[in-house]
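Some notes on the structure that comes next.
Below is the structure:
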């Protein structure tokens, strides 16, 4: 049985992740460890609104959390937590970065910064994504990307206003929790965050900041309002799991009973149609590809097309 630090609270819940990153000391340490930046202090610009999903596939509070943090040198970092697999997630993360850069430019213009001085004012916007599902084919759980020369691998760095050393123009890091292994070779300063958000036992002493973050997962210490939100999430999630279990049980019982062929065919067709509807909606929501959907239904992609 999988060993978890907390059986009630899940660190990847939108509510809990936001509680963790609302603490500026924790967020500063996270950015310091993952992006290896000299962080003195952090201000949270966005990250208080719980995300609700409108789709019928997953219950509320399951999609993602966006946190926008600003460092003391004005560098900005988008922190994204992604629970469900989404085909275009990486492109969506890039859109977030581009949108924030665009907002910053608009802000400079409102401050009457001349057009030919905009580049001088521009500050980097980096991103870190913590994902429950895998997005890369290799076994490495931690990836960090920047712009590099194709031959020398030299990083493209630029001078940033107010910062002494040059900075990466682009930097995006990914922590893929599913690839976590206790024997990981990466720096423990990074691995401990995977253990925190993956709800895994700590393999080493994690330090005061991680211990502080881990205490946030103790639901008994929460105020009444946060407990109510947590209970609402848990009910929605448990309801979804119960629904899946019910459907599976019905399918098994239908097979075991060996009903009259006509009735069995009717039930089977109804269940199959329900399965088709579910798969189609998952494809439209971006949770799975058409290829995966076709495999789930045991049909070709061409046959699946007529349902989309």
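In this note's numbering, the protein residues as written are 2 to 309.
Ideal Cβ placement from N, Cα and C applies to all residues, glycine included.
Over the uninterrupted alpha helix (DSSP H) stretch that includes residue i, give me the two end residues.
i, result
"residue 128", "Segment 126-132 is the beta strand (DSSP E) holding residue 128; no alpha helix (DSSP H) there."
"residue 9", "Taken as a continuous stretch (DSSP letters only), residue 9 belongs to no alpha helix (DSSP H), as it is neither H nor E."
"residue 195", "189-198"
"residue 210", "209-216"
"residue 84", "Segment: none, residue 84 is in no alpha helix (DSSP H) and carries neither H nor E."
"residue 298", "291-298"
"residue 26", "25-35"
"residue 19", "15-22"
"residue 5", "That residue, residue 5, is in no alpha helix (DSSP H); it is neither H nor E in DSSP."
"residue 305", "302-306"
What are the boundary residues of the beta strand (DSSP E) that includes residue i?
i, result
"residue 70", "65-72"
Which residue or residues does DSSP assign as beta-bridge partners of residue i?
i, result
"residue 44", "71"
"residue 78", "70 and 127"
Restricting to Cα atoms, I'd like to know which of the options is closest to residue i.
i, options, result
"residue 4", "183, 228 and 19", "183"
"residue 275", "94, 297, 75 and 176", "297"
"residue 310", "232, 178, 119 and 72", "Only positions 2 to 309 of the chain appear in the structure, and residue 310 is not among them; the question remains open."
"residue 94", "121, 175, 26 and 157", "175"
"residue 97", "234, 189, 68 and 225", "68"
"residue 130", "119, 145, 73 and 138", "145"
"residue 73", "44, 92 and 79", "44"
"residue 22", "46, 204 and 116", "46"
"residue 25", "48, 6 and 203", "48"
"residue 159", "295, 120, 191 and 189", "120"
"residue 18", "99, 231 and 187", "231"
"residue 173", "13, 32, 6 and 27", "32"
"residue 157", "207, 147, 42 and 115", "147"
"residue 100", "115, 112 and 79", "79"
"residue 162", "281, 75 and 278", "75"
"residue 42", "15, 16 and 70", "70"
"residue 212", "15, 11 and 27", "27"
"residue 16", "102, 217, 206 and 116", "217"
"residue 138", "164, 180, 112 and 290", "180"
"residue 223", "20, 12, 14 and 6", "20"
"residue 189", "102, 143, 155 and 290", "143"
"residue 215", "105, 110, 201 and 279", "201"
"residue 309", "193, 277 and 293", "277"
"residue 210", "106, 226, 29 and 13", "29"
Could you check if residue i belongs to the surroundings of the ligand SAM, using beta carbon to heavy atom distance under 7 Å?
i, result
"residue 163", "Ligands in the displayed structure: none, and consequently the ligand SAM is not present."
Inset, instruction - Quick one: which unbroken alpha helix (DSSP H) runs of 4-plus residues sit fully inside the stretch 111-187? Chain order, please. - result: 119-122
Legend entry - Touch test, the stretch 118-127 against the stretch 162-174, Cβ-Cβ under 8 Å, three pairs minimum: yes
Legend entry - Contact between the stretch 150-167 and the stretch 187-197 (3+ Cβ pairs under 8 Å): no
Legend entry - the stretch 68-85 touching the stretch 128-142, judged by at least three CB pairs closer than 8 Å: yes
Inset, instruction - Taking 8 Å as the threshold, find out whether the stretch 87-102 comes into contact with the stretch 24-40 through three or more Cβ pairs. - result: no
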